[in-house]
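Input: a single structure, listed below in structure tokens.
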Amino acid sequence: MNEFIFLLDLLGIIAFAASGALVAGKHNMDLFGGLVLAFVTGIGGGTMRDAILGVPVFWLAQPHYLWACLAGFLIVYGAVWKFQSAPKATINFLDAVGLGVFTVLGAQKTLALGHNEAVAIIMGMLTGCGGGMIRDVLANQVPMVLSRKRLYATASLAGGLAFVVLASLSQSIAMAIGFLIVLIIRIGALFRDWRLPFFPVLK
Amino acid sequence: MNEFIFLLDLLGIIAFAASGALVAGKHNMDLFGGLVLAFVTGIGGGTMRDAILGVPVFWLAQPHYLWACLAGFLIVYGAVWKFQSAPKATINFLDAVGLGVFTVLGAQKTLALGHNEAVAIIMGMLTGCGGGMIRDVLANQVPMVLSRKRLYATASLAGGLAFVVLASLSQSIAMAIGFLIVLIIRIGALFRDWRLPFFPVLK
Amino acid sequence: MNEFIFLLDLLGIIAFAASGALVAGKHNMDLFGGLVLAFVTGIGGGTMRDAILGVPVFWLAQPHYLWACLAGFLIVYGAVWKFQSAPKATINFLDAVGLGVFTVLGAQKTLALGHNEAVAIIMGMLTGCGGGMIRDVLANQVPMVLSRKRLYATASLAGGLAFVVLASLSQSIAMAIGFLIVLIIRIGALFRDWRLPFFPVLK
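Chains as they are written, first to last, in our numbering: chain A, 1 to 203; chain B, 204 to 406; chain C, 407 to 609.
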């Protein structure tokens with residue numbers, strides 16, 4: 001079980017860090033600006049989660065999380081160097097993987113600390129959406145979670161809800177299903193144009 | 204006394220959450236984007252306050268705060284659905300109510316924890332201005348607290364100062380007066396164009 | 407030793423607070439908007455550091471840090487009032503001093519708390535870059551740390567690395583050298599156009 005969580009965690013961090021590095025590339029930042037954005041995106045959501053839950057921040061005692069951020073950065077940097085371009089969907093796909101992983105991990109950690117289900121779902125959304133929110137705010141663009149036509153918070157909410165409902169049966173199955181729900185909703189939103197009603201436009 | 208604080212708290216959260224939902228409407232976000240902005244605005248300032256003070260974050264153990272955010276969102280959503288528009292002043296008025304409530308509650312909680320008056324005034328400003336700052340940064344606009352012609356931080360400072368000075372007499376009267384001072388200054392700034400000297404323009 | 411840290415700390419806070427006030431002037435904010443930006447820039451990085459490290463936030467018990475923010479603000483305000491303009495390089499220079507001071511102080515505090523060197527370097531970068539990041543995000547501009555042609559994170563990383571390597575010999579010499587490395591790299595970047603390879607541009 002713990003190995004499962006550990007591997008998921010690394011996967012999510014690498015995916016988010018890679019998305020941060022790609023956003024840096026899109027905005028033509030220098031190398032270390034890209035590195036900063038990769039780290040902030042990779043560990044930002046979990047850092048906010050732990051600070052709010054009042055527990056030790058996860059990467060302080062475990063340096064391998066920092067190496068995972070570096071790995072995500074280097075993978076992107078190498079790929080960009082070789083191909084000189086990145087398909088437009090890459091950022092969104094990496095972001096969807098990170099969103100799914102951190103939604104279920106955030107909810108799982110919150111439940112494990114003894115908080116109730118509503119808090120677990122909120123903390124799952126915060127962990128999942130937080131890193132990408134910081135990334136987008138730093139790059140001076142409206143965060144994906146708030147942009148229209150994206151089913152971003154919706155995906156995270158649905159995945160967190162599924163995890164919380166199923167968690168009493170089997171944590172690892174609940175995490176896998178929660179993750180897949182987030183991923184499928186996001187991919188449907190991106191490639192099939194699934195959407196929610198907009199908020200009525202105000203003038 | 205505690206009921207008084209409790210009711211004020213709910214009022215502030217509902218007002219701030221409603222202002223977040225309205226900003227989402229103005230930027231034409233989807234439904235869940237609006238929900239996210241409502242929650243972040245409603246509980247953002249108090250979350251920052253508690254994280255900095257090193258005390259348990261207020262909404263973790265008390266889910267009714269989360270319901271208050273939902274209520275603020277639903278009220279706005281229903282009203283917007285019905286009237287298809289919102290008077291321009293509504294966001295500013297709701298924001299002023301939230302600013303007043305959280306300024307005095309932030310200062311009150313900080314004093315109750317044994318910190319000195321200067322820290323209480325600063326934490327009142329942070330609690331009052333914090334949620335709105337996060338809301339505006341996420342919506343990619345300069346926070347109201349920093350925009351010119353608004354007497355925003357000024358209002359919060361004046362209300363916090365009044366509360367701290369009067370708190371030794373009667374907490375509830377001090378809170379009511381502090382709240383009213385914030386509200387009056389903000390409304391004067393918005394509708395009567397009260398203002399401070401600008402910072403000299405630099406080139 | 408403690409006096410040395412204390413003086414450095416005040417210097418860094420005054421420099422950062424002054425840079426915040428100047429950014430407020432550049433964006434033509436009102437007086438209290440400028441004051442808010444001065445405080446947030448002056449104590450923002452250290453506040454994030456302490457919240458993440460799980461230790462009491464440094465300015466809660468020691469009000470002189472708040473007075474240092476006020477001093478930075480007043481110095482800028484007086485100078486701007488007198489000269490009606492500020493050389494373009496002033497913000498960058500003040501920011502470089504703050505970056506150097508907080509990089510070494512952040513790394514020093516983290517080491518002193520028993521964390522390992524990698525964490526100390528990251529926390530040095532966070533403390534150094536954090537206040538300026540919040541300042542720039544609030545003023546709705548891309549943070550300096552992410553903009554191209556600036557060697558910003560690079561300078562902080564180099565200074566933090568030097569401090570961590572030399573800290574076992576003499577803390578005060580290590581801090582002085584770390585600070586000078588940050589300052590020299592930033593000044594070289596600003597006035598001599600030193601730079602890193604950019605991230606390849608993506609379309």
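Yeah, the Cβ is synthetic: ideal placement off N, Cα and C, and Gly gets one too.
Outcome for residue i when other beta-carbon atoms lying within 10 angstroms are tallied against a minimum of 16
i                      : result
residue 360 of chain B : buried
residue 60 of chain A  : buried
residue 186 of chain A : buried
residue 578 of chain C : exposed
residue 265 of chain A : There is simply no residue 265 of chain A to check, as chain A begins at 1 and stops at 203 in what is shown.
residue 365 of chain B : buried
residue 396 of chain B : exposed
residue 205 of chain B : exposed
residue 372 of chain B : exposed
residue 470 of chain C : exposed
residue 452 of chain C : buried
residue 368 of chain B : exposed
residue 292 of chain B : exposed
residue 534 of chain C : buried
Cutoff 7 Å; reference residue i; Cβ partners in own chain excluding five residues on either side
i                      : result
residue 609 of chain C : At residue 609 of chain C, the pLDDT of 49 sits below 50, so the modelled position is not reliable; the number obtained from the coordinates is stated separately. Within the same chain, residue 609 of chain C has no close Cβ partners at all.
residue 254 of chain B : 260
residue 269 of chain B : 262
residue 117 of chain A : 164
residue 322 of chain B : 313
residue 144 of chain A : 95, 132, 136, 150, 152
residue 384 of chain B : 361, 362, 365
Start and end residues, alpha helix (DSSP H) containing residue i
i                      : result
residue 444 of chain C : 437-459
residue 494 of chain C : Neither: residue 494 of chain C is in no alpha helix (DSSP H) and is coded neither H nor E.
residue 339 of chain B : 320-341
residue 223 of chain B : 205-229
residue 347 of chain B : It is not in any alpha helix (DSSP H) - residue 347 of chain B carries neither H nor E in the DSSP assignment.
residue 363 of chain B : 355-369
residue 578 of chain C : 577-597
Among the options, nearest to residue i - alpha-carbon criterion
i                      : options                    : result
residue 310 of chain B : B/238, B/231, B/340, B/370 : B/370
residue 275 of chain B : B/217, B/233, B/302        : B/217
residue 527 of chain C : C/540, C/494, C/515        : C/515
residue 131 of chain A : A/6, A/70, A/49            : A/49
residue 189 of chain A : A/176, A/138, A/93, A/164  : A/93
residue 483 of chain C : C/507, C/518, C/426        : C/426
residue 345 of chain B : B/210, B/226, B/303        : B/226
residue 138 of chain A : A/116, A/4, A/10, A/39     : A/39
residue 234 of chain B : A/179, A/177, A/151, A/118 : A/151
residue 474 of chain C : C/493, C/449, C/489, C/494 : C/449
residue 62 of chain A  : A/87, A/74, A/10           : A/10
residue 147 of chain A : B/207, B/237, B/209, B/394 : B/237
residue 476 of chain C : C/490, C/488, C/489, C/447 : C/447
Check: residue i C-beta below 7 Å from any heavy atom of the ligand NAP
i                      : result
residue 593 of chain C : Absence of the ligand NAP from the depicted structure is noted, as is the absence of any ligand whatsoever, leaving it without description.
Own chain residues within Cβ distance below 6 Å of residue i, not counting five before or after
i                      : result
residue 228 of chain B : 283
residue 301 of chain B : 215, 218, 219
residue 377 of chain B : 366, 369, 370
residue 95 of chain A  : 19, 132
Nonlocal neighbours in the same chain, by C-beta distance under 8 Å from residue i, ignoring five residues either side
i                      : result
residue 382 of chain B : 211, 303, 304, 306, 307, 362
residue 326 of chain B : 252, 255, 256, 309, 310, 312, 313, 318
residue 126 of chain A : 45, 48, 49, 52, 106
residue 443 of chain C : 426, 427, 429, 430, 435, 541, 544, 545
residue 91 of chain A  : 19, 22, 23, 26
residue 113 of chain A : 53, 55
Closer than 8 Å between beta carbons: that is the criterion. Which residues of the region 311-333 of chain B meet it against chain A? none
Under 8 Å (Cβ pairs) to chain C, residues found in the region 336-365 of chain B: 336, 340, 343, 344, 345, 346, 348, 349, 350, 351, 352, 353, 354, 355, 356, 357, 360
Along the region 231-263 of chain B, what residues have a CB closer than 7 Å to any CB found in chain A? 231, 232, 233, 234, 235, 236, 237, 238, 239, 240, 250, 254, 259, 260, 263
Identify each residue in the region 63-88 of chain A for which the Cβ-Cβ distance to at least one residue of chain C is less than 8 Å, and report them in chain order. 63, 66, 77, 80, 81, 84, 85, 86
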